[in-house]
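Note that the sequence shown ends on residue 383 in our numbering; no numbers are left out. Shown next, in structure tokens, is the structure this report addresses.
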Amino acid sequence: MSRLKGILLFWVSVPLLVSAQKEYKGRVLDAKTNTPIPYVNIGIVNKGIGTVTDEEGLFHLSMDAIKSFPDENILFSSLGYKPFKIPVSKIELVYNEYPVIKLSPEIVQLNEVVVTNAQGEFIDESIGYKNSGETIFGYWKDNVALGGQLATRIRVKKGLRKLHELGFEIWSSTSDSVLLRINFYDVGSFGKPSKNLNTSRENILYTVKKGQRFADVDLRPFSVFAEDDFIVSLELLKVYGSDNLGLIMAAIQFDTDSFRKFSSQDEWETLPYSAMAFYLKSSVLVSGKAAERINRRNQRKKNNLPMISGFSIHRGKMITNVSVRNIRTKELVYTDVNGRYAIHAKYKDVLCFEKEGYETKCYETRKKSTLNAQMYLAEK
4 MSRLKGILLF WVSVPLLVSA QKEYKGRVLD AKTNTPIPYV NIGIVNKGIG
54 TVTDEEGLFH LSMDAIKSFP DENILFSSLG YKPFKIPVSK IELVYNEYPV
104 IKLSPEIVQL NEVVVTNAQG EFIDESIGYK NSGETIFGYW KDNVALGGQL
154 ATRIRVKKGL RKLHELGFEI WSSTSDSVLL RINFYDVGSF GKPSKNLNTS
204 RENILYTVKK GQRFADVDLR PFSVFAEDDF IVSLELLKVY GSDNLGLIMA
254 AIQFDTDSFR KFSSQDEWET LPYSAMAFYL KSSVLVSGKA AERINRRNQR
304 KKNNLPMISG FSIHRGKMIT NVSVRNIRTK ELVYTDVNGR YAIHAKYKDV
354 LCFEKEGYET KCYETRKKST LNAQMYLAEK
């Protein structure tokens with residue numbers, strides 16, 4: 004049996020919710036609207052002490068941990084707001100109340116808007132990394148602090164590029180559900196994450212449910228652009244249910260870098276020659292003649308790929324809107340109103356069928372051009 008290789012992100016922390024006398028707590032509001040700001044990153048920079056606000060803007064931090072750094076500041080930062088600092092020496096400790104911290108909205112700069120006079124058209128291009136059966140994984144387990152991130156550098160050719168969809172494969176999720184934030188960063192000094200490329204001012208949130216096998220995150224509403232290599236990260240925001248955190252995702256060995264941080268405002272640690280298996284659908288701007296050439300080449304490749312079709316069935320009835328995914332190519336299709344699908348696949352590819360309320364079923368393809376999937380209701 005081959006040995007499993009992993010990228011491990013973990014955090015062993017003292018409990019965040021201790022006695023009221025040992026907590027620094029508060030509520031973060033918008034300075035203009037006085038409405039709560041959810042999922043604000045809070046912590047002492049590069050010290051491994053941090054958290055995020057909840058849906059109501061509330062947060063808790065251990066005073067025992069904070070007092071170890073009396074000369075430092077606690078940094079509050081959130082997408083679309085100006086960063087705010089409070090010296091540790093001046094924090095308020097109020098019993099049974101939540102002192103208010105207000106963040107001011109950040110004025111959107113004109114240079115954050117993508118403007119180009121380049122001639123050409125956007126051509127669809129799949130980028131990123133795919134696990135094709137390698138026993139390599141990345142995971143969070145036990146008490147990862149809120150705001151912890153696991154990230155990978157996506158290497159691409161230079162050119163204006165719009166990101167449409169992010170996908171990743173989940174090998175195990177033991178929590179009832181886990182709320183994640185998807186971040187996209189420019190590559191900064193020493194190749195580490197730098198400026199956030201999401202200029203929409205809206206958080207890209209995604210919930211992984213217990214037993215879920217695949218994640219597909221729609222990026223189109225957020226207008227995320229890149230012009231060179233960029234970095235994708237998953238950030239832990241909340242763990243639902245009483246079970247400890249356990250989230251294992253596919254990874255690969257590759258000539259790129261991954262990064263991890265253990266809590267909000269912590270420093271990035273580099274993990275060389277490793278990649279989370281993040282794969283993306285994007286479109287890149289190319290010149291008119293090049294676009295025609297690429298379109299013809301892509302069409303020829305598509306025409307030469309073998310197809311497999313069939314039905315998704317439960318107790319003799321066809322099931323509509325079942326996702327069908329080729330694990331090797333990551334192509335994704337759905338069954339139609341008659342429960343039928345058609346997907347590109349070759350001999351010994353693995354097709355996985357998934358729909359909420361049903362068990363996920365995976366089948367290895369044979370030398371036949373048809374494959375029917377028997378679906379069973381998931382246990383409650």
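We put the CB at the ideal spot given by N, CA and C, even for glycine.
> Exposed or buried, what is Asn-329 when buried is set at 16 or more other beta-carbons lying within 10 Å of its beta-carbon?
Replying inline: buried
> With a Cβ-Cβ cutoff of 8 Å, do Tyr-42 and Asn-206 count as a contact?
Replying inline: yes
>> In whole angstroms, give me the CA-to-CA distance for Ile-173 and Lys-93.
In response: Rounded to whole angstroms, the separation of the alpha carbons of Lys-93 and Ile-173 is 43 Å.
> What distance in whole Å lies between the Cβ atoms of Tyr-361 and Leu-380, which are believed to be in contact at a cut-off of 8 Å?
Replying inline: 6 Å
> beta strand (DSSP E) containing Ala-345: first to last residue?
Replying inline: 343–347
> Is it the case that the Cβ atoms of Phe-171 and Ala-280 are separated by a distance below 8 Å?
Replying inline: yes
> Mapping DSSP to helix, strand and coil, what is Pro-102?
Replying inline: In the structure shown, Pro-102 sits in coil (DSSP, three-state: anything other than H, G, I, E or B).
> Looking only at C-alpha atoms, which of Arg-30, Asn-37, Ala-34 sits nearest to Asn-44?
Replying inline: Arg-30
>> Looking at Lys-165: is its Cβ nearer than 8 Å to the Cβ of Ser-286?
In response: yes
>> Quick check on Pro-196: buried or exposed, where buried means 16 or more other Cβ atoms within 10 Å of its Cβ?
In response: buried
> On the premise that Val-327 lies in contact with Leu-3, defined as a C-beta separation below 8 Å, what is that separation, rounded to the nearest angstrom?
Replying inline: Shown here, the chain extends from 4 to 383; a query on residue 3 therefore has no answer.
> On the three-state DSSP scale, how would you describe Pro-224?
Replying inline: In the structure shown, the three-state DSSP call for Pro-224 is helix.
> So, helix, strand or coil for Ala-381, using DSSP?
Replying inline: coil
> Are the stretch 335–349 and the stretch 306–315 touching by the rule of at least three beta carbon pairs closer than 8 Å?
Replying inline: Contact between the stretch 335–349 and the stretch 306–315 is present, because at least three Cβ pairs lie under 8 Å.
> Relative to the C-alpha of Pro-108, which residue among Thr-368, Ser-81, Glu-230 is closest?
Replying inline: The option with the nearest alpha carbon to Pro-108 is Ser-81.
> Excluding five sequence neighbours on each side, which residues of the same chain lie with their C-beta closer than 8 Å to the C-beta of Ile-40?
Replying inline: Same-chain partners within the cutoff: Val-31, Leu-32, Asp-33, Thr-56, Gly-60, Ser-81, Tyr-84, Leu-106.
> From the DSSP output, which residues share a beta bridge with Met-2?
Replying inline: Because the chain spans 4 through 383 in this model, residue 2 falls outside it and cannot be assessed.
> Roughly how far, in whole angstroms, is the beta-carbon of Leu-239 from the beta-carbon of Gly-150, given that I think they are within contact range, below 8 Å?
Replying inline: Sure, about 7 Å apart at Cβ, within 8 Å.
> What are the boundary residues of the beta strand (DSSP E) that Ala-148 is part of?
Replying inline: Run containing Ala-148: none; DSSP gives neither H nor E here.
> CB-CB under 8 Å to Pro-86, same chain, minus the five flanking residues each way: which ones, in chain order?
Replying inline: Leu-78, Phe-79, Ser-80
>> Considering only their Cβ atoms, is the gap separating Asp-258 from Ile-157 smaller than 8 Å?
In response: no
> On the premise that Ile-69 lies in contact with Val-91, defined as a C-beta separation below 8 Å, what is that separation, rounded to the nearest angstrom?
Replying inline: Sure, about 6 Å apart at Cβ, within 8 Å.
> In chain order, what residues of the same chain lie with their CB nearer than 6 Å to the CB of Ala-254, ignoring the 5 residues before and after it?
Replying inline: Ile-10, Ile-139, Phe-140, Gly-141, Met-279, Ala-280
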